[in-house]
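J.: Take the sequence shown: its position 57, counted from the start at 1, is 57 in UniProt numbering, and no numbers get skipped.
Ideal Cβ placement from N, Cα and C applies to all residues, glycine included.
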Amino acid sequence: MTGPFRVPVDKQSPTVYRALGAVAVEIGNRAAEIGLDRSILELVNIRVSQINRCAFCLDLHTHRALVAGETPQRIAVLPAWREVDLYSVRERAALEIAEGVTQVNSEHLDDEQYAPLRRFLSEDEISLLVWGAVTINAFNRVSILSGHRIKERSRP
1 MTGPFRVPVD KQSPTVYRAL GAVAVEIGNR AAEIGLDRSI LELVNIRVSQ INRCAFCLDL
61 HTHRALVAGE TPQRIAVLPA WREVDLYSVR ERAALEIAEG VTQVNSEHLD DEQYAPLRRF
121 LSEDEISLLV WGAVTINAFN RVSILSGHRI KERSRP
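1. What residue range is occupied by the uninterrupted alpha helix (DSSP H) comprising lysine 151?
2. By the 10 Å Cβ neighbour count, where 16 or more other Cβ atoms means buried, how is asparagine 52 classified, buried or exposed?
3. State the Cα-Cα distance for the pair glycine 58 and aspartate 111, rounded to the nearest angstrom.
4. Output the boundary residues of the alpha helix (DSSP H) element that contains asparagine 137.
5. Could you tell me the boundaries of the alpha helix (DSSP H) in which arginine 64 lies?
6. Which residues in the same chain as alanine 133 place their Cβ atom closer than 7 Å to its Cβ, once the five residues preceding and following it in sequence are excluded?
7. Measure the C-alpha to C-alpha separation of leucine 117 and valine 25 and round it to an integer number of angstroms.
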């Protein structure tokens, strides 16, 4: 919960927030152009949001992932993705990027971790996934610092 003293930076600086949104749209457009599955981008968005504990972005991107065809089971076990065999090598590479970008102070992608990614992802895909992780990290911070709240969704 947050108090009334927070500045909703998205509303206070709407042109900046729209520019950030435009970056996210461009990432999605470019991903579609090169054939990078939307569900991989959403897994990255969810994993980053889990690490950052951003409830607003978790709610939003879990919904989007389900719409994109992701399963509730894979979303539920995402924090333990290394311990299960539910994710493809490409998805695992994307999740390595998500965690490396998000935990740059402790888990950043060093050369040893980076090299195997190139076996499973093209340079364009790696670039877009890095941009995607950077962008959702920014959205997480805006949402957390602005005190964005979620609304309960109806049950399926």
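T.: On the basis of the supplied data:
1. No alpha helix (DSSP H) contains lysine 151, which DSSP labels as neither H nor E.
2. Label assigned to asparagine 52: buried.
3. Note that residue 58 is leucine in the sequence shown, not glycine. In this structure, the CA atom of leucine 58 is about 30 Å from the CA atom of aspartate 111.
4. Counting along the chain, asparagine 137 sits inside the alpha helix (DSSP H) bounded by residues 123-146.
5. Taken as a continuous stretch (DSSP letters only), the alpha helix (DSSP H) holding arginine 64 covers 55-67.
6. Scanning its chain for C-beta atoms nearer than 7 Å, with the 5 sequence neighbours on each side dropped, one finds around alanine 133 the residues Val44, Val48, Ile97, Ala98, Val101 and Thr102, in chain order.
7. Taking the straight line joining both Cα atoms gives about 24 Å.
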